[in-house]
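So the protein sequences, as listed, match chains R and X.
So the first sequence is residues 437 to 755, counted in this note's numbering.
So the second sequence is residues 437 to 755, counted in this note's numbering.
Number of protein chains: 2
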Amino acid sequence: MSVTRRTSIAAALAAPALATLPAAAQQAAPQAQGSRQAPGFYRSKVGTYEVTVVNDGFNRRPNPAEGFVRNADAAAVNRALEAEMLPTGHLDITFNITFVNTGSELILFDTGTGGLLAPTAGTMWDNMAAAGIDPARVNKIVFTHFHGDHVSGLVTREGQARFPNAELIVPETEWAFWMGERAPQQPAAMVKGRFGPYAADRIRRVASNAEVAPGIAGVPTHGHTPGHTSYLISSGSSTLIVLGDVTNHPTINARNPGWHVVFDMDAAEAEATRRRLFDRAAADRTPIVGYHWPFPSIGYVRPQGNGYDVIAAPWTSAI
Amino acid sequence: MSVTRRTSIAAALAAPALATLPAAAQQAAPQAQGSRQAPGFYRSKVGTYEVTVVNDGFNRRPNPAEGFVRNADAAAVNRALEAEMLPTGHLDITFNITFVNTGSELILFDTGTGGLLAPTAGTMWDNMAAAGIDPARVNKIVFTHFHGDHVSGLVTREGQARFPNAELIVPETEWAFWMGERAPQQPAAMVKGRFGPYAADRIRRVASNAEVAPGIAGVPTHGHTPGHTSYLISSGSSTLIVLGDVTNHPTINARNPGWHVVFDMDAAEAEATRRRLFDRAAADRTPIVGYHWPFPSIGYVRPQGNGYDVIAAPWTSAI
């Protein structure tokens with residue numbers, strides 16, 4: 437059936453070809469194909485606050501139906517990918533970092549991969565430069581959690597601090613877990629290495645519901661990690677949720693909120709958190725920026741069937 | 437209910453504020469908010485062909501529930517907008533122009549508004565420059581139809597030809613209509629003015645199913661205008677449909693294919709065309725670039741309820 441229909445489109449190709457071109461058309465010299473994508477940053481406003489989402493590239497996961505979702509079989513995962521017109525041979529997991537410029541503060545939420553985790557990731561620095569964001573002007577970095585793709589951008593490849601003037605604000609539950617004895621050894625060493633170049637008096641541990649700047653407060657969303665925290669940005673009557681990893685890829689985790697990806701440390705708590713937050717955001721029509729949603733990664737959730745559709749906010753040239 | 441839930445998110449704001457900042461954080465001078473959006477171009481590949489979608493801004497239509505859809509009442513239009521998380525007070529209709537670089541030809545599909553139609557439109561030229569596209573290297577311009585937002589970019593404000601080396605390829609049915617006596621007088625005069633600066637021997641009239649370049653052929657999609665034509669781009673095993681105005685905004689016309697917008701000249705034929713093309717593209721999983729879809733405006737249609745969902749192709753930094 438599919439072949440027949442494709443053939444019916446392609447039948448148009450059998451139509452008569454053009455005759456020779458007029459002289460004018462011959463003069464246009466071929467242009468080399470461009471290799472560049474447009475810079476991966478996207479600006480929008482939340483009240484008087486300016487939000488800039490900066491893309492840090494992606495990690496290509498081969499065979500996403502195998503070993504990624506703990507409680508769904510391969511056929512179900514492949515069906516979900518096919519329904520969203522995605523390939524089944526790989527799944528690109530993107531990284532999107534949020535900056536909020538309040539007018540007097542420049543606040544960064546998580547720090548990306550630092551170019552340390554995948555050859556296709558680490559574009560954040562070029563995209564920050566394209567957006568005119570100076571890392572020396574970041575005065576606060578707020579963390580959702582301490583997985584490697586969120587904390588590695590703290591440091592250069594040589595292990596130096598990338599943000600010379602930033603206070604680091606961390607959920608105290610998250611800090612206590614990774615610095616404590618229950619944490620798995622290797623990732624805990626990674627976390628300590630990323631925070632290491634920053635003096636202890638520049639790291640502030642706060643409750644997951646603390647206000648971290650005027651109109652910006654934590655929303656406890658534990659489960660993905662023990663201290664995972666989302667943030668609600670409010671300015672005037674406008675709001676935006678910085679989601680972090682309440683979901684991984686939306687086709688996996690929003691469309692199927694009951695699916696448990698391998699990175700969820702307490703999968704049952706992560707699922708309960710996901711459903712609670714999305715039910716609330718859907719009822720309120722609150723926009724969300726999702727760390728692993730396709731760039732520009734700002735959208736809305738809407739209940740649909742057993743899960744949620746993510747409705748992308750339309751791109752606009754008007755900020 | 438909505439207010440209660442919003443309040444429950446905002447309750448986090450009552451949490452204790454931060455104490456004074458450490459000295460380091462005080463050193464970060466505030467950064468001015470940026471006024472720029474990233475350039476509106478998006479690159480992807482169809483086989484060996486490079487496709488660049490260039491945004492030309494948008495027209496803001498006030499009160500889209502009134503006078504835009506001929507055969508739906510205001511309440512139904514507002515419900516459709518609300519379901520897609522869009523405002524009801526206005527609807528931004530975007531303009532997205534497609535360039536195909538085959539390696540030896542640089543082919544443009546339609547020409548945008550030329551900055552002549554709305555104060556928020558006319559960004560195509562800046563975005564072309566950002567993408568490194570030289571108008572003098574465009575050797576063919578292929579038209580879907582002759583409405584003002586598709587042909588006005590042919591000329592400068594002073595009425596000069598913008599594309600010195602391009603052959604203009606036009607559907608012969610469209611040309612015959614607008615140059616003939618049945619066409620409404622004012623828009624026909626506009627059309628003649630846009631093509632006027634181009635010598636007659638640079639304008640080629642072809643059948644709506646003609647091949648216009650290797651692997652690129654017309655697909656007759658009459659209805660929106662008498663000679664409206666879409667194009668199928670094929671390279672290797674990859675394909676892309678350049679849709680033109682088979683739909684206006686997808687919330688209006690894909691979600692609701694039976695709705696007739698005021699610009700459809702033969703609305704019944706336009707609807708039949710839309711359903712036929714979308715049924716085929718959905719079955720084939722053929723990607724589509726929609727002139728009035730939100731930028732980057734490449735996606736897939738999928739039957740859903742009485743209409744079609746548009747599933748955006750995920751943005752990627754890998755071309």
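Glycine included, C-beta positions come from ideal geometry on N, C-alpha and C.
Annotation for X:P523: L517 place their beta carbon closer than 8 Å to its own, counting only its chain and skipping 5 residues before and after.
Contact residues of the region 475 to 486 of chain X toward chain R are P475, G476, F477, Y478, R479 and E486 (C-beta to C-beta distance below 8 Å).
Here R:P571 carries a helix assignment [DSSP, helix/strand/coil]. In this structure, X:R479 sits near X:E486, with a CB-CB distance shorter than 8 Å.
DSSP places X:V737 in the strand class (E or B) of the three-state scheme.
In the DSSP assignment, the residues bridged to X:T665 are X:P656. By the criterion of a C-beta distance shorter than 7 Å, X:A511 is surrounded by no residue of its chain, once the five residues flanking it on both sides are discounted.
Excluding its 5 nearest sequence neighbours in each direction, X:N532 has C-beta neighbours in its own chain below 8 Å: V489, V490, N491, D492, V725, G726, Y727, H728, W729, F731, P732 and S733, listed in chain order. Looking only at X:G659, X:R721 and X:I669, the smallest Cα-Cα distance to X:V482 is reached by X:I669. Counting along the chain, no alpha helix (DSSP H) covers R:L553, and no H or E run does either. Annotation: Cβ neighbours of R:G568 in chain X (cutoff 7 Å, chain order): G470. Secondary structure of R:S540 (DSSP, three-state): coil.
Look at the beta carbons and you see the region 621 to 634 of chain X not touching the region 678 to 691 of chain X: under three pairs across the two are nearer than 8 Å. Per DSSP, the continuous beta strand (DSSP E) segment holding X:T675 begins and ends at S674 to G680. Per the C-alpha coordinates, the member of R:E594, R:P750, R:G735 and R:A597 positioned closest to R:T675 is R:G735. At a Cβ-Cβ threshold of 8 Å, R:E610 and R:H581 count as neighbours.
Our two residues, R:A643 and R:E608, have alpha carbons roughly 6 Å apart in a direct line.
Fewer than three beta-carbon pairs drawn from the region 704 to 712 of chain X and the region 557 to 575 of chain X are found closer than 8 Å, and the two stretches are therefore not classed as touching. Rounded to whole angstroms, the Cβ separation of X:H685 and X:I529 is 6 Å, and the two are in contact under 8 Å. Burial is judged here by how many other beta carbons sit within 10 angstroms of a residue's own beta carbon; X:A468 has fewer than 16 and is exposed. Neighbours of X:T683 across chain R, judged by C-beta separation under 9 Å, do not exist; the nearest C-beta is about 15 Å away. Within chain R, no C-beta atom comes nearer than 7 Å to that of X:P523; the closest sits roughly 11 Å away. For R:P466, the nearest CB of chain X lies under 8 Å from its own CB, placing it at the interface with that chain. Not flagged as an interface residue toward chain X: R:T709, since no C-beta distance is shorter than 8 Å.
Distance between X:P500 and X:F613, taken at the CA atoms: about 29 Å.
The Cβ atoms of X:G476 and R:S753 lie closer than 8 Å to each other.
Beta-bridge analysis with DSSP links R:E603 to R:K576. When the alpha-carbon of R:G672 is set against those of R:G558, R:I652, R:R598 and R:W561, the nearest one is in R:I652.
Comparing alpha carbon positions, the residue from R:Y634, R:F545 and R:T559 closest to R:V591 is R:Y634.
With respect to R:T538, R:P650 sits close: the two C-beta atoms are nearer than 8 Å.
Against X:T556, the close residues of chain R are A754, in the order they occur along the chain (beta-carbon pairs closer than 7 Å). If the five residues before and after X:E647 are omitted, its C-beta is found closer than 6 Å to the C-beta atoms of A653, all from its own chain and listed in chain order. A straight-line Cα-Cα distance of about 23 Å links R:R593 and R:I543. Using a CB distance cut-off of 8 Å, R:T559 counts as an interface residue toward chain X. Between the alpha carbons of R:E502 and R:H583 lies a gap of roughly 21 Å. Taking C-beta atoms as the reference points, R:N692 and R:G632 fail to come closer than 8 Å.
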